[in-house]
Ligand code: NZQ
Ligand code: ZN
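Residue numbers (the numbering used here): 13 to 357.
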């Protein structure tokens, strides 16, 4: 394993039905002005908004709404949130939603003096509540890129709150989790190490314990002593910058083709993955099995399935603007990324 420093500052509350009690406990730590951040309206439809406001008022808090955070949150939305948080002198930002709400608020909380952040997870997959990275889209520059924000002070993972997530989103979130594990697994070093042993277990369990698998994918444990890969994510993010597509679905389309392009550069590691995760012998069989799983669960397998047709100059622009990661076993060129995108069409 490579050397590492590890510090994990998030208080994680996990368990079905833990939401109310743990939120009440957490609220006692903060001042009275709470900025309640959420997405496009699911929390109102599900009744969660009313439950939250009751808890917040019960704890003597003043609530200011910051709603309408969109999937693939934009820099503009972040700036709007920063301005509001400053205006109301927020003592706590309470982010309630999936990765998009959490990501947006991690950056909102950095504006000026950092503001404490709490996350109530309503859709799992990204594991965003576990780290201080955020993926924000700069619409003008056409870049969907990583920014560093605050770590949440606390995160509440109550699977009861995810029961209303549309099945399509549940599955794309689950695939995102699997992707995070794979993207970490195929980073360096390729020799056997404890992080990868744990990773194999998470990949195999991802279907039965989605919410904790999602957290494990991004809480840093699988990344200890490793340089991660995340090249497929970089391609997907730029695909997202140009098409505003769903993240997990974009990954599902790209992964098998991407792996067929790179596995020769790390054949031993891919064979191990085949044997330990997919219970087959060779890399190619495992990539086929991954593709079968994608089909089986109804995820898209081509860009056309996602309703996306890329013009030639868009393919070139996506390829040219994709970040090349140091941890990928093969250093991709823009030409090869173009080829991958064409094969995925
Ligand atoms: O906006 P609302 O109305 O709340 O609806 C959301 C949204 O439409 C809905 N939803 C969430 N919880 C629900 C619910 N609907 C019903 N009941 C509930 N309980 O789900 C839809 C998708 O939500 P979103 O937050 O966009 O999904 P996800 O969690 O997949 O987050 C995607 C974003 O996270 C970024 C992605 O790039 C994308 O922008 N990522 C963040 C990462 C990180 N910070 O570590 C890592 C990932 O690789 C990823 O890039
Ligand atoms: Zn992801």
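From the three backbone atoms N, C-alpha and C, an ideal C-beta is built for every residue, glycine too.
Item, Value
"Using a threshold of 7 Å, is the CB atom of residue 55 nearer than that to any non-hydrogen atom of the ligand NZQ?", "yes"
"I need the DSSP call for residue 272, collapsed to helix, strand or coil.", "helix"
"Out of 327, 313 and 272, which has the shortest C-alpha to C-alpha gap to residue 341?", "272"
"Tell me the residue span of the beta strand (DSSP E) that contains residue 155.", "155 to 160"
"Are the CB atoms of residue 48 and residue 106 within a distance shorter than 8 Å?", "yes"
"Collect the residues with a C-beta less than 6 Å away from any heavy atom of the ligand ZN and give them in sequence order along the chain.", "138, 188, 191, 192, 245 and 259"
"Residue 180: which of 249, 262 and 68 sits nearest, CA to CA?", "262"
"Looking at residue 50 and the ligand NZQ, is the gap between the Cβ and the nearest heavy atom below 7 Å?", "yes"
"Within a Cβ cutoff of 8 Å, which residues of the same chain sit near residue 183, ignoring the five residues on either side of it in sequence?", "260, 309, 310 and 311"
"Taking the Cβ atom as the reference point for each residue, do residue 301 and residue 293 lie within a distance shorter than 8 Å?", "no"
"Would you report the Cα separation of residue 125 and residue 200, rounded to the nearest angstrom?", "36 Å"
"Pick out whichever of 46, 77, 41 and 202 has its Cα sitting closest to the Cα of residue 56.", "77"
"With contact counted as at least three CB pairs below 8 Å, one residue from each stretch, are the region 61 to 76 and the region 20 to 40 in contact?", "yes"
"Suppose you measure from the CA of residue 93 to the CA of residue 120; what does that come to, to the nearest Å?", "6 Å"
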